[in-house]
Amino acid sequence: MTEAVSENSEVTVLLVDDNPQNLKVLYETLKDKGYRLLIANEGEKALDLAHRHQPEVILLDIMMPEMDGYEVCERIKADPQTADCAVVFLSALDDLQAKVKGFSLGGADYISKPFQSQEVIARVRTHASVIRLERELQARNRELQSDQARILNSISEGIYGLDENGIIEFANPAAASIVGCPVEELIGRDFFQTHFATAGDNPDGLPVKATCQQGVAENQRDIRMLRADGTGFPAEYRSTPKLDSDELHGAVVVFRDITAELDNEKALEDARQLVQEQRDQLAHTSRLTTMGEMAAGVAHEVNQPLTAITNYARVAKRMMAKENADMGLLQETLDKIEAQSHRASEIIRRIRRFMKKPATGKEVLSVPALLEDTRQFAEVDMRNNKGAIELSVPENMPEVLADPVQVQQVALNLIRNALEATSSIDSSAPVEVSASVQGDTCVRIQVRDHGVGLSEDAEEKLFLPFFTTKDEGMGIGLSTCRSLIQAQGGDIGFERPEDGGACFYFTLPVAGAQGSPCAPDGEPSQN
């Protein structure tokens, strides 16, 4: 992959990802924003480009072969030419330890995949602004103090110039506005005593202390700083050593009040939870819809053992009315009554389990048991469509981590569709349900039919909400299936077999697999 440079750029942004699709999305997101963009698809090339161009911001993927993002970040921070670059990690990993490790190596920020364009643009803009400012400050500090003050006074982030003891030598108007104290009153104050209530308890562990005394750059988000009146506010800051001919003279601190930003993040999280609740409700509605369609068949299914119980009970009563009743035959008849009652109970159990709204959380599941249970539940549809189901699961199939009710809902939906498609052309071929292992971390389950197949104009719409090829369908089946499988960390899609029919599949992560081993890179695949 080659470099892609847009002219007249003031800020350089290096994009690093081994996935070409992700690089394309990042490039398209930032190409018209006035940045000079560099692209690397592996760690060594990223280090070379960073050393030659010293980009302000590096968007860095964590999960890369040969050299992962953590090692790239560590080497970038170890190189004096690139140590001040703002490294923003990109990863599907969303656990606390992954974030802590990234920040401990010098990362400036963290964006979770799949990322949103507006989020990427906003974060790049913020970090590019801060890095560019820091570099300008270091250069102008050696040239002309008045130029430096003019630039610092024009920006919205608060900026301090500190000596090696943390005494404030410079404060811009934005800093005075955030803190609620005139600039002239801030000059000469102790930065640590002014802004941190714990300054006297642990002076060596205070933010910015290591920058002032050891020249170690720092970056922290959501720390508690104090205003002049003693009230606190959440802040994000970056501190850079103030150097003159390699001699340390304190630190430059850039900070901002992120109260509104945190409120927005909380509102976004609340919205995400609401969306998830609505998805769960839609999935539950879909199950109820499925049961409504199957009601007649289910009634017949339950009626069979009940009729048998009634008949066996009448036989038992007639036998007991005889003087010399055959106790062996009577016992056999009672055993049959018990067996039929268990059969009816099992049918009702499966119906109740399928219709219930599942609790949150996933379980370690046996794939053969899950598919066999689903096949039994589809027996009504088999009889209604005069079809058959052929189940094929290899031995030693690893267990998966997923919600059993939601996965069964998806499998049953695909099987019912396959039976209807096969029946529509009066085919006697069975619906083939199989499972296979992909790599070491993913299980693929597919449903293959030999029915009418998929029309050309329907292929791109199959997973869209409210699209259906059925005369009386609601169009929420496959759309709901995709939401349910993506919630498990898997993918769902379809293929067009050469000998006709259709093959739908979905994937589930193997229990214990790290990250999202089955997550899709893009839209559902089409062949």
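Throughout the sequence shown, residue numbering follows my numbering, covering 8 to 534 in sequence. Positions of the beta carbon are idealized from the N, C-alpha and C atoms, including for glycine.
- Shortest Cα-Cα distance from leucine 22 to any of Leu97, Pro214 and Thr201 involves Leu97.
- Note that the stretch 483–494 does not touch the stretch 427–447; fewer than 3 beta-carbon pairs, one per stretch, sit closer than 8 Å.
- Cβ-Cβ separation between phenylalanine 199 and glycine 173: approximately 5 Å, consistent with a contact (criterion under 8 Å).
- When DSSP states are grouped into helix, strand and coil, methionine 70 belongs to the coil group.
- Relative to the Cα of glycine 257, the nearest Cα in the group Glu225, Phe110 and Asp86 belongs to Glu225.
- In terms of Cβ geometry, valine 400 and valine 517 do not form a close pair [threshold 8 Å].
- By the neighbour-count definition (other C-beta atoms within 10 Å, threshold 16), glycine 76 is a buried residue.
- Contact between serine 246 and threonine 218 holds, since their C-beta atoms are separated by about 4 Å, short of 8 Å.
- Per DSSP, the beta-bridge partners of asparagine 226 are Arg245.
- Taking C-beta separations shorter than 7 Å and ignoring five residues to either side along the sequence, the partners of aspartate 25 in its chain run Asn48, Glu49, Asp68, Met71 and Pro72, following chain order.
- Between valine 450 and threonine 514, the beta carbon gap of about 7 Å places them in contact (Cβ cut-off 8 Å).
- At the C-beta level, isoleucine 185 and aspartate 264 come within 8 Å of one another.
- Contact between glycine 460 and alanine 425 does not hold, since their C-beta atoms are separated by about 11 Å, which reaches or exceeds 8 Å.
- The beta carbon of arginine 234 sits closer than 6 Å to those of Val186 and Gly187, all from its chain and outside the five residues before and after it, given in chain order.
- Between alanine 418 and leucine 378, the gap from beta carbon to beta carbon is short of 8 Å.
- Of the residues Asn420, Gly522, Ser430 and Ser434, the one whose Cα lies closest to the Cα of serine 486 is Asn420.
- Straight across, the Cα-Cα distance linking serine 435 with methionine 326 is about 45 Å.
- Between isoleucine 230 and the set Leu213, Gln220, Gly237 and Asp236, the nearest pair of CA atoms involves Leu213.
- For proline 214, the secondary structure class from DSSP, reduced to helix, strand or coil, is coil.
- Assignment of phenylalanine 177 by DSSP, reduced to helix, strand and coil, places it in the strand class.
- Annotation: lysine 106 to glutamine 61 spans about 24 Å, alpha carbon to alpha carbon.
- Of the candidates Asp39, Glu51 and Tyr34, the residue whose Cα lies closest to the Cα of leucine 45 is Tyr34.
- Looking from the CA of alanine 181, the closest CA among Gly195, Arg196, Glu191 and Gly165 belongs to Gly165.
- Looking at the DSSP output, tyrosine 34 sits in no beta bridge, so it has no partner there.
- For the beta strand (DSSP E) assignment, the uninterrupted runs of no fewer than 3 residues enclosed by the stretch 385–451 are, from N- to C-terminal side, 396–399, 407–409 and 438–445.
- Contact between valine 454 and valine 438 holds: their C-beta atoms lie close to 6 Å from each other, under 8 Å.
- For the 8 Å CB-CB criterion, valine 64 and arginine 43 do not form a contact.
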